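Asks: Quick note: the sequence shown, position 205, residue 196 per the working numbering, numbers continuous.
Cβ atoms here follow ideal geometry from the backbone N, Cα and C, with glycine treated the same way.
Bear in mind the structure is a predicted one, so any value in this text is a computation, not a measurement.
Sharing a structure below in structure tokens format, with a few things to ask.
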Amino acid sequence: MIFIAGASGFVGGHLIDALLKGGYKLRCLARSEKAKQLFKEKGIEIVHGDITEPETLEGALNGIGLVIHLVGIIQEKGSATFQKVHIEGTKNLVEEARRVGVKHFFYQSALGADRDSWSGYLRTKAEAENIVKRSGIPYTIFRPSLIIGPWDGFTKKLKDMIKMSPIIPIPGTGRSRFQPVYIHDWVKCMLKVIESPDIFKGTFDIGGPQHLTYNEIVTTLSEVMKAKKPIVHIPMAVMKFGATIAEKTIPFLPVTSDQLKLLETDNICNVDTVEKNFGFKPMKYKDALKGFIK
Ligand SMILES: NC(=O)c1ccc[n+]([C@@H]2O[C@H](COP(=O)([O-])OP(=O)(O)OC[C@H]3O[C@@H](n4cnc5c(N)ncnc54)[C@H](OP(=O)(O)O)[C@@H]3O)[C@@H](O)[C@H]2O)c1
């Protein structure tokens, strides 16, 4: 049986559907009634819990061979800080996995994870990676770039903005590069890890086959939506003038104020990372968009 934490999210939702199709037996961590109901309907075993509350994880991994840890937050909210969720939460899950003798631990990190990063998100992702690496449990870590596909929050926000705003505001020059990867390709990589965890031990960058600037990401999406609109670059200094002000003045801002800073830095890896490590060519951004943008 496979245990998944974070199964109620965008990535987790696609993964559980693929795994159920493949006949895998799943046990998933759920916090909300909505998630519990969804898992129940799909015939998934449910553990009510939260990775930041270690007592809720006691016994959750009994009889589990593989743990898939997808829990992450992109924005801190109240007591759900990066430290609490990424670092302490990962520590809790790893400790329980070690206690019951889990055979393989998968952790979903992020491209650019770095202990010295200015970004709390990337810094704590790197620290969580180290907890997994030091656990003594055989592990696989994915460091994905932006993952896109049906229900992904990033594309949805951009899409809403393109639909509703007369112009397309782009923070800064929009020249930083990203490497979007289609969720179905991420799932394909993940299935290979699940089928042969011993072959896919270690840390893997996961990115699509193209380096695309933020400008290209936005214009490609508007082309696929057949909704071309004038692009207006908003100087980063103005955007940074005050996160709160920026978020209030630009409707449907597709990024949080913290993510604004991330938009200024390239977030890329080798364009052949998936092909080299997993043996298939991932989809190009535009082709992937055509698969789910209506
Ligand atoms: N999407 C991307 O482009 C992307 C790129 C790189 C890396 N990643 C990483 O991939 C992972 C999945 O991303 P996603 O896009 O699927 O995110 P998501 O849709 O926001 O899902 C996050 C999941 O984490 C769960 N969660 C949050 N805090 C929790 C806690 N304290 N205890 C238990 N569960 C908790 C959420 O449960 P609830 O439903 O209860 O809130 C949800 O199932 C994250 O680690 C993210 O950092 C994502």
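Between LYS68, LYS148, TRP177, PHE191, which has its C-alpha nearest SER199's C-alpha?
Replies: First, the amino acid is wrong: residue 199 is Gly here, not Ser. Selected option, being the one with the closest Cα: TRP177.
Asks: Spatial neighbours of LYS219 within its chain, please: CB distance less than 6 Å, with the 5 preceding and 5 following residues excluded, ordered by chain position.
Replies: Here the set comprises SER213.
Asks: Start and end of the beta strand (DSSP E) containing CYS180?
Replies: Note, CYS180: premise wrong, no beta strand (DSSP E); alpha helix (DSSP H) at 174 to 186.
Asks: If you draw a straight line from the C-alpha of TYR173 to the C-alpha of GLU36, how long is it?
Replies: Using only the alpha carbons, I get a separation of about 28 Å.
Asks: For the alpha helix (DSSP H) that ALA21 lies in, which residues bound it at each end?
Replies: Run containing ALA21: none in the alpha helix (DSSP H); it sits in the beta strand (DSSP E), 17 to 21.
Asks: Name the residue from GLY270, THR131, ILE78 whose alpha carbon lies nearest to the alpha carbon of ILE122.
Replies: Comparing Cα-Cα distances from ILE122 to each of GLY270, THR131, ILE78, the minimum goes to ILE78.
Asks: Could you round the C-beta distance between ILE284 and LYS150 to whole angstroms and report it? I think they count as a contact, below 8 Å.
Replies: Right, the Cβ-Cβ distance comes to about 7 Å (below 8 Å), so this counts as a contact.
Asks: Pull up the distance between the alpha-carbon of GLU49 and that of GLY92, whole angstroms please.
Replies: About 13 Å.
Asks: How about VAL38 and ARG18: do their beta carbons lie closer than 8 Å?
Replies: Yes; because the gap between Cβ atoms is below 8 Å, this pair is in contact.
Asks: Just to confirm, are ARG89 and ILE128 a CB contact at a threshold of 8 Å?
Replies: Taking 8 Å as the Cβ cut-off, ARG89 and ILE128 qualify as a contacting pair.
Asks: Tell me, please, which residues DSSP counts as bridged to PHE271.
Replies: In DSSP, PHE271 forms no bridge with anything.
Asks: Is there at least one non-hydrogen atom of ligand 1 closer than 7 Å to the beta-carbon of ALA26?
Replies: For ligand 1, at least one heavy atom lies less than 7 Å from the Cβ of ALA26.
Asks: Rounded to the nearest angstrom, how far is the Cβ of ILE138 from that of HIS202, given a contact under 8 Å?
Replies: Not a contact, Cβ separation roughly 16 Å.
Asks: Less than 8 Å between the beta carbons of GLY63 and GLY14, yes or no?
Replies: Not closer than 8 Å, so no.
Asks: Taking GLN170 as the reference, which of PRO188, PHE191, ALA101 has the closest Cα?
Replies: Closest by alpha carbon: ALA101.
Asks: Please name the residue or residues paired with HIS224 in a DSSP beta bridge.
Replies: DSSP output for HIS224 lists ILE161 as bridge partner(s).
Asks: Can you give me the C-alpha to C-alpha distance between ILE(-5) and PHE30, rounded to a whole angstrom?
Replies: Roughly 11 Å separates the two Cα atoms.
Asks: Between the beta-carbon of SER167 and the beta-carbon of THR264, is there less than 8 Å?
Replies: No, the pair does not count as a contact, with Cβ atoms beyond the cut-off.
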